[in-house]
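See below for the structure under consideration.
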Amino acid sequence: MTSNLLKDSERQSVGDTLRKLVKRLGEPVVRTVAGQAMKEMGGRQFVLGRTIEEAQDRGKSQEERGGYTYSYDMLGEAARTDADAQRYYQAYSDAIDSISKRCKGDVRTNPGISVKLSALLARYEYGHKERVMNELMPPRALKLAKKAAAANMGFNIDAEEQDRLDLSLDVIEAILSDPELKDWQGFGVVVQAFGKRASQTLDWLYALSEKLDRRIMVRLVKGAYWDAEIKRAQVMGLSDFPVFTRKACSDVAYLAGARKLLGMTDRIYPQFATHNAHSVSAVLELAKDLSRDKFEFQRLHGMGGESLHDQVLEDSGVPCRIYAPVGAHKDLLAYLVRRLLENGANSSFVNQIVDTSITPPEEIAKDPIDVVVGLGHNLSSKAIVHPSKIFGEQRRNSKGWDITDPVTVAEIDEGRNRYKSHQWKGGPILAVDSVSDEVVEVRNPANPDDLVGHITYTSEADISSALDAAQEGFKQWSSVPAEERAAMIRRVGDLYEENVHELFALTTREAGKSLLDAVAEIREAVDFAMFYANEGIRCKNDGEARGVMCCISPWNFPLAIFTGQILANLAAGNAVVAKPAEQTSLLAFRAVELMHQAGIPRAAIQLLPGTGAPWVLA
Ligand SMILES: Cc1cc2nc3c(=O)[nH]c(=O)nc-3n(C[C@H](O)[C@H](O)[C@H](O)COP(=O)(O)OP(=O)(O)OC[C@H]3O[C@@H](n4cnc5c(N)ncnc54)[C@H](O)[C@@H]3O)c2cc1C
20 MTSNLLKDSE RQSVGDTLRK LVKRLGEPVV RTVAGQAMKE MGGRQFVLGR TIEEAQDRGK
80 SQEERGGYTY SYDMLGEAAR TDADAQRYYQ AYSDAIDSIS KRCKGDVRTN PGISVKLSAL
140 LARYEYGHKE RVMNELMPPR ALKLAKKAAA ANMGFNIDAE EQDRLDLSLD VIEAILSDPE
200 LKDWQGFGVV VQAFGKRASQ TLDWLYALSE KLDRRIMVRL VKGAYWDAEI KRAQVMGLSD
260 FPVFTRKACS DVAYLAGARK LLGMTDRIYP QFATHNAHSV SAVLELAKDL SRDKFEFQRL
320 HGMGGESLHD QVLEDSGVPC RIYAPVGAHK DLLAYLVRRL LENGANSSFV NQIVDTSITP
380 PEEIAKDPID VVVGLGHNLS SKAIVHPSKI FGEQRRNSKG WDITDPVTVA EIDEGRNRYK
440 SHQWKGGPIL AVDSVSDEVV EVRNPANPDD LVGHITYTSE ADISSALDAA QEGFKQWSSV
500 PAEERAAMIR RVGDLYEENV HELFALTTRE AGKSLLDAVA EIREAVDFAM FYANEGIRCK
560 NDGEARGVMC CISPWNFPLA IFTGQILANL AAGNAVVAKP AEQTSLLAFR AVELMHQAGI
620 PRAAIQLLPG TGAPWVLA
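Read in our numbering, the sequence shown has 126 at position 107, and its numbers run on one by one without any break.
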């Protein structure tokens, strides 16, 4: 039924196919079958056992054949609450106790455990680095590592999303630096070859093991989460993808990583985890002069790599470790989705080899280096839209900042530190002279000792003169061609980005936003500029501009909504008088200054900061 579903879904959506099935078979039947299929995949196909004991019992026959051992993975990742993290911690801890009983030999032949750091702390994020180092490290990850070391078993830190790479290296360094672990050779790290930083990561790990005089294990994988990495970079408007966009590039990076690791065996025990027969053969060729106990292969339980690794073991004598997920249904989903995505991808080796009528063997076994050389300068896939172009040629994406990248964060901090104690001075911006004189202090809501600046509130008289001037402003602005208005509106977005450090400082100091929210705030404002500029042109013949609009904006989106309301009106040819939330008047003041700098006339957009009271009177 599944294969029919997948075949059908090439022609129509899975939803349509399911609806057809439900019509034919009835919903209860489809539900039962789908439930059964999930149980099959979860209970047997991809998971070795529901408990560590069950998994070890099931793995026994494989171990007894010789040459095979296991790395157990307790299902569960990305803990959402501390209760989850505690539960996962306990599961790892119990598993280590149980696995210890079967650790009788060398760390290379003993079974081991694979750990996901995101399972051990609900906020395992770069933005919470201090907390990670205090709450995750000593009481959880390090404690588990010491337990594993005491049993002389492999303890492997799985590689997760690229935005956690830097943070995980800090954790890895901290664990490895612990003097108690000095003689243990089972500490393992995973490196993802599809990541553009893989080669440097390997060099860094080698340098670290030299500095600390340790021996470590490194599992080289191509990398899961590929789809998510691509989507994240696009959504975040990053300047580039953190991972390769062509499969052949990841294959070549894998070979380059393998060659590097094979030259580091004085410090590193390489573990080549792949189901790709070409990658395996290439590793064997690269390692042909190396003793068989200097490295190992690894495969995932249930991924269909059994016959390949059986044969490799038989022919080459290189041992193989099986990565075996353990756990109950409820923790399976993330793992299962990853495996299904991986197995289902057209480019997947495992997928290609099962149906050679679609991909001929010559194609499957093609040397990836030839493929990459053949690409010339086209190393980035044309089919994958660059983050700056996700809205097509008509409209660029707003620039993004990856605040999980320490280099970007340092750059932002350096820029916004220039405004750390700056005090802004703002007030009404009118097309005529202002007579307002009520000056109010603006303080940081997160730190009242931080004086952000002063704002002059608009008097009743100023409001009246602004409204008069706006009538003239409307006549002037509505007669500007839509294309020219759009160019100025786009320029507003550009100017926001050019002045982003000041806007970061204001968004965090005046509105009390976190840096993450500040990035989202500014990007949304820029997106509004780009979007409404186009809409102004698209709708230019749909009707007349309406007149003078009053835009009142809230404090929780002090730049985004403020900008969106104003630019939508300006794009349509209306003149605007804007009354920002009084809590965030300085940000609005700078925004309107930048609008004027972009060429929009003063009478078309006037700023009237203050409370609502004088408006009611006016
Ligand atoms: C024992 C073991 C442990 C593992 N542990 C981890 C881990 O800790 N962290 C982790 O992330 N993964 C892990 N993996 C999964 C691994 O990263 C791969 O996803 C998986 O092994 C498939 O790669 P392959 O070489 O077997 O197959 P192949 O079919 O040769 O390669 C598939 C891989 O190629 C890459 N790829 C596919 N399309 C593209 C494209 N368009 N552009 C660039 N690259 C592309 C992806 O990485 C994809 O997974 C592990 C795998 C094994 C066997």
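C-beta: ideal position from N, C-alpha, C; glycine also. These numbers come from a predicted model, not from an experiment.
Alpha helix (DSSP H) containing residue i: first to last residue?
| i | result |
| --- | --- |
| K230 | A217 to L231 |
| Q490 | E479 to S497 |
| I580 | A579 to A590 |
| C268 | K266 to L281 |
| P380 | P380 to I383 |
| I194 | L184 to L195 |
| K162 | K162 to A169 |
Going by DSSP in three states, residue i sits in which element: helix, strand or coil?
| i | result |
| --- | --- |
| S90 | strand |
| A343 | strand |
| M614 | helix |
| R77 | helix |
| F550 | helix |
| S28 | Low confidence applies here, because S28 scores a pLDDT of 49, under 50, leaving its location unreliable; read the following figure in that light. Three-state DSSP puts S28 in a helix. |
| H320 | coil |
| F576 | coil |
| Q64 | helix |
| Q253 | helix |
| I403 | coil |
| K39 | helix |
| K120 | coil |
| F523 | helix |
| M172 | coil |
| T532 | The sequence shown places Lys at residue 532, not Thr. The answer is coil: DSSP assigns K532 none of H, G, I, E or B. |
Report yes if the CB atom of residue i is closer than 8 Å to the CB atom of residue j, and no otherwise.
| i | j | result |
| --- | --- | --- |
| F608 | I474 | yes |
| V369 | A267 | no |
| L227 | E192 | yes |
| A537 | F523 | yes |
| L606 | L578 | yes |
| E96 | K135 | yes |
| A402 | A489 | no |
| G525 | G346 | Checking the sequence, you will find Leu at residue 525 rather than Gly. Taking 8 Å as the Cβ cut-off, L525 and G346 do not qualify as a contacting pair. |
| V299 | F314 | no |
| T477 | A530 | no |
| D487 | S455 | no |
| G205 | M156 | no |
| A252 | P406 | yes |
| M647 | Q290 | This structure gives no information on residue 647, because the portion of the chain shown stretches from 20 to 637. |
| A306 | L281 | yes |
In chain order, what residues of the same chain lie with their CB nearer than 6 Å to the CB of residue i, ignoring the 5 residues before and after it?
| i | result |
| --- | --- |
| T630 | E601 |
| R159 | Y108 and L139 |
| D270 | P387 |
| K598 | I571 and L627 |
| A296 | L327 |
| R69 | A347 |
Which same chain residues, not among the five before or five after residue i, have their C-beta less than 8 Å away from its C-beta?
| i | result |
| --- | --- |
| H320 | F65, V66, L67, I341, Y342, A343 and P344 |
| R183 | L136, S137, Y143, E144, Y145 and T423 |
| E229 | R286 |
| R121 | Q75, N129 and P130 |
Could you spell out the range, first to last residue, of the beta strand (DSSP E) harbouring residue i?
| i | result |
| --- | --- |
| E460 | E457 to N463 |
| P289 | I287 to A292 |
| P371 | According to the sequence as given, residue 371 is Gln; it is not Pro. No beta strand (DSSP E) holds Q371; the alpha helix (DSSP H) holding it covers F368 to V373. |
| Q330 | From DSSP, Q330 is part of no beta strand (DSSP E) but of the alpha helix (DSSP H) over E325 to S335. |
| V237 | I235 to V240 |
| G131 | G131 to V134 |
| M57 | Careful: M57 lies outside any beta strand (DSSP E), inside the alpha helix (DSSP H) at E46 to E59. |
| D469 | N466 to Y476 |
Below 7 Å CB to CB, which residues in the same chain sit around residue i once its five sequence neighbours on both sides are set aside?
| i | result |
| --- | --- |
| L586 | I508, V511, F547, A548 and Y551 |
| S28 | Here S28 scores only 49 on pLDDT, less than 50, and its place in the model is too uncertain to base an answer on. |
| A610 | L578, F581 and T582 |
| A590 | R504, A505, I508, Y551, A552, E554 and G555 |
| G34 | none |
Any contact of the segment 80 to 89 with the segment 356 to 372, i.e. 3+ C-beta pairs under 8 Å?
Flag = no, the segment 80 to 89 and the segment 356 to 372 do not touch.
Does the structure place the segment 236 to 246 close enough to the segment 198 to 218 that three or more beta carbon pairs sit under 8 Å?
yes
Taking 8 Å as the cut-off, does the segment 322 to 334 touch the segment 413 to 432 (at least 3 CB pairs, one atom from each stretch)?
no
For the 8 Å Cβ check, are there 3 or more pairs between the segment 442 to 449 and the segment 564 to 572?
no
Are the segment 368 to 387 and the segment 98 to 105 touching by the rule of at least three beta carbon pairs closer than 8 Å?
No contact exists between the segment 368 to 387 and the segment 98 to 105.
If we count Cβ pairs, one from each stretch, closer than 8 Å, do we get three or more for the segment 491 to 499 versus the segment 431 to 440?
no
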